[in-house]
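Trainee:
Number of protein chains: 2
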Amino acid sequence: MPAEPKANRGPSAGPDNRRALIAAAREVFGEVGLSAPLNSVAKRAGVGQGSLYRHFPDRVSLAVAVFDDNIGSLEELAARPDSTLNDLFDAVAAQAIASTALIDLISSNRRDPGAEHLATRVTGLASILLARGQSSGLIGSQVETDDVMLAIAMLAFAISKADPDERADIQTRARRMFRAAFAPV
Amino acid sequence: MPAEPKANRGPSAGPDNRRALIAAAREVFGEVGLSAPLNSVAKRAGVGQGSLYRHFPDRVSLAVAVFDDNIGSLEELAARPDSTLNDLFDAVAAQAIASTALIDLISSNRRDPGAEHLATRVTGLASILLARGQSSGLIGSQVETDDVMLAIAMLAFAISKADPDERADIQTRARRMFRAAFAPV
DNA sequence: GAGATACCGGACACCACTGTCCGGTAGTAC
DNA sequence: GTACTACCGGACAGTGGTGTCCGGTATCTC
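Which chain is which? The protein sequence lines are A and B, in order. For the first sequence, our numbering begins at 97 and goes up steadily by one. For the second sequence, our numbering begins at 97 and goes up steadily by one.
See the structure below:
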């Protein structure tokens, strides 16, 4: 029995399919990495390849949709008035541990408008939290936003490339190093 | 004219071919990255695919051969009695700028014995130079070899993923940050 | 000079992924 | 109930890269 003709929900399954694809992509990218076959995303979503490419013409646009709300949760964090730069580092580290794919997306598609936009949003957060830290005297005035972004990028790379069981240790060491580097003079 | 039958140097061209392959691979990996088609390496070396796979059964063994003497030059550096940890950072940065491939090799083949060996050699250097810096009072006693290795890895990642015209700036910032982080308390 | 040997080069078969295309089906209008 | 529309799913052809296999050639031996 060669797989009896699947139910076809006809028109107006659009939004459902889109959501299913994003959810499936989040799982698959998390497990396999950003270069996972898009095939397997469609399969996991229970959706045809056609629908996948109809909603997301290429891998990057799918990935951007997936990670849009990752960045969103960072923005929520920064919106809380008592959050600090250290919190941002920890949140980024947590996301890098959960899925390497966001880092890969941003680092290898710096030319893509969608991915670029995600990175820009993070920069905004960094600059807000940096200003907050400096005005409260926790962060040295010599520190610039680019320093913070470099630190975030370095941390994310290191974690995403490491063996899973080394990640906690890396996070600890990196936290210590950046604290020293960003301390007031 | 379908490319007249190439000259065939017969037996005993072995070492020549091997050297040509390594040189070609260094160029190609430098230009295209570690994932360059092995095909193109053979072509650049003016050698058949057969010979390539005869000398190097897989991509990693070729890359290890290429980068073996990159590490060698780091070892020479460390052997000079007046060299410091900062020199090592700069040398690593220079290599990352010259070719992203060494970083990719070490970071995505941590299981491969050949690649692992390269990484181990670097760790040895870091620990020597760290001890030297600490005994001369330039480096804080709280710093461990793993911290240095993390710093090296982070620097290398950041540089290898960045746009070429951002690399100098990254190097500068990273140097400043690590200097602060490793300073004596 | 002839035969044997060892090694070379590149054609080719294989594989995995991408992205398109079209027959089919649920929903909608009348 | 019927005809129409919009969208779905998956088959399939195209593409790019890997690694093997074998006919061919230079060197060596006698």
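Idealized CB from N, CA, C, for every residue including glycine. Since the model is a prediction, treat every value here as computed from it, not as a measurement.
Please name the residues in the region 214-242 of chain B whose beta-carbon is closer than 7 angstroms to at least one beta-carbon of chain A, in chain order.
Mentor: Residues passing the 7 angstroms Cβ filter: D242.
Trainee: Cα separation between A/L117 and A/V162?
Mentor: Reading the first sequence from its first residue, position 21 is the one you call residue 117 of chain A. Reading the first sequence from its first residue, position 66 is the one you call residue 162 of chain A. The straight-line gap from Cα to Cα measures roughly 9 angstroms.
Trainee: Take every Cβ of the region 245-254 of chain A, pair it with every Cβ of the region 214-233 of chain B, and state whether three or more of those distances are shorter than 8 angstroms.
Mentor: Segments in contact, no.
Trainee: Hey, how far is the Cα of A/S237 from the Cα of A/P280?
Mentor: Counted from its first residue, the first sequence places residue 237 of chain A at position 141. Counted from its first residue, the first sequence places residue 280 of chain A at position 184. Cα to Cα, the separation comes out at about 7 angstroms.
Trainee: Touch check for the region 151-168 of chain B and the region 209-222 of chain B: three-plus C-beta pairs under 8 angstroms?
Mentor: The region 151-168 of chain B is in contact with the region 209-222 of chain B.
Trainee: Helix, strand or coil for B/A161? Go by DSSP, reduced to three states.
Mentor: Along the second sequence, one-based indexing puts residue 161 of chain B at 65. Reduced to three states, the DSSP call for B/A161 is helix.
Trainee: In chain order, what residues of the same chain lie with their CB nearer than 8 angstroms to the CB of A/Q145, ignoring the 5 residues before and after it?
Mentor: To locate residue 145 of chain A, count along the first sequence from 1; it is residue 49. Only L134, N135, A138 meet the Cβ criterion.
Trainee: Skipping 5 residues on each side, what residues in its chain have a beta carbon closer than 7 angstroms to that of B/L251?
Mentor: Against the second sequence, residue 251 of chain B aligns to sequence position 155. Closer than 7 angstroms at the Cβ level, and outside the excluded window around B/L251, lie F185, V188, A189, A270.
Trainee: Quick one: which unbroken alpha helix (DSSP H) runs of 4-plus residues sit fully inside the region 191-269 of chain A? Chain order, please.
Mentor: Segments of the alpha helix (DSSP H) lying fully in the region 191-269 of chain A: 197-204, 209-231, 241-257.
Trainee: Using beta carbons (cut-off 9 angstroms, strictly below), is A/L246 in contact with chain B?
Mentor: Along the first sequence, read from residue 1 onward, the residue named residue 246 of chain A stands at position 150. Chain B, which has a Cβ nearer than 9 angstroms to the Cβ of A/L246, makes this yes.
Trainee: What are the residues of the region 258-280 of chain A that lie near chain B, defined by any Cβ-Cβ distance shorter than 9 angstroms?
Mentor: Of all residues in the region 258-280 of chain A, A258, D259, D265, I266, R269, A270, R272, M273, F274, R275, A276, A277, F278, A279 have a Cβ within less than 9 angstroms of some Cβ in chain B.
Trainee: To the nearest angstrom, how far is it from the Cα of B/P111 to the Cα of A/D242?
Mentor: Start at 1 with the first residue of the second sequence, and residue 111 of chain B comes out as number 15. Start at 1 with the first residue of the first sequence, and residue 242 of chain A comes out as number 146. Approximately 48 angstroms between the Cα atoms of the pair.
Trainee: Below 8 angstroms on C-beta distance, what does B/R206 contact in chain A?
Mentor: The sequence position of residue 206 of chain B within the second sequence is 110, counting from 1. What B/R206 touches in chain A: D259.
Trainee: Helix, strand or coil for A/P111? Go by DSSP, reduced to three states.
Mentor: Position 15 of the first sequence holds residue 111 of chain A. Helix.
Trainee: Tell me, please, whether the CB atom of A/F163 is closer than 9 angstroms to any CB atom in chain B?
Mentor: The residue you call residue 163 of chain A lines up with position 67 of the first sequence. Answer no: the Cβ-Cβ gap between A/F163 and chain B never drops below 9 angstroms.
Trainee: Cβ closer than 8 angstroms: which chain A residues qualify as neighbours of B/S203?
Mentor: To locate residue 203 of chain B, count along the second sequence from 1; it is residue 107. Neighbours of B/S203 on chain A, chain order: K257.
Trainee: Using DSSP with H/G/I as helix, E/B as strand and the rest coil, what is A/R179?
Mentor: Residue mapping note: residue 179 of chain A aligns to position 83 of the first sequence, counting from 1. Looking at the sequence provided, one finds Ser at residue 179 of chain A rather than Arg. Correct three-state label for A/S179: coil.
Trainee: Cβ of A/A276 within 9 angstroms of Cβ of B/A276?
Mentor: Translated into positions along the first sequence, residue 276 of chain A becomes position 180. Translated into positions along the second sequence, residue 276 of chain B becomes position 180. In this structure, B/A276 lies closer than 9 angstroms to A/A276 by Cβ.
Trainee: Are any of the Cβ atoms in chain A nearer than 9 angstroms to that of B/F253?
Mentor: Numbered from its first residue, the second sequence carries residue 253 of chain B at position 157. It does; some Cβ of chain A falls within 9 angstroms.
Trainee: Counting only beta-carbon separations shorter than 9 angstroms, does B/A132 have a partner in chain A?
Mentor: Taking the second sequence and counting its residues from 1, one reaches residue 132 of chain B at position 36. No, B/A132 lies away from the interface with chain A (no Cβ there is under 9 angstroms from its Cβ).
Trainee: Quick one: grab the DSSP three-state call for B/F185.
Mentor: Residue mapping note: residue 185 of chain B aligns to position 89 of the second sequence, counting from 1. In this structure, B/F185 counts as helix in the three-state DSSP scheme.
Trainee: Indicate whether B/L201 and B/V156 have their beta-carbon atoms separated by less than 9 angstroms.
Mentor: Working through the second sequence from its first residue, we reach residue 201 of chain B at position 105. Working through the second sequence from its first residue, we reach residue 156 of chain B at position 60. In contact: B/L201 and B/V156 (Cβ atoms closer than 9 angstroms).
Trainee: Taking 6 angstroms as the limit between beta carbons, can you name the residues of its chain near A/S256, skipping five residues before and five after?
Mentor: On the first sequence, residue 256 of chain A is found 160 positions in, with the first residue counted as 1. Once the five neighbours on either side are set aside, the close Cβ partners of A/S256 are A192, T196, I199.
Trainee: Would you say A/A249 faces chain B, with C-beta separation under 9 angstroms as the test?
Mentor: Reading the first sequence from its first residue, position 153 is the one you call residue 249 of chain A. Yes - at least one Cβ of chain B is within 9 angstroms of the one on A/A249.
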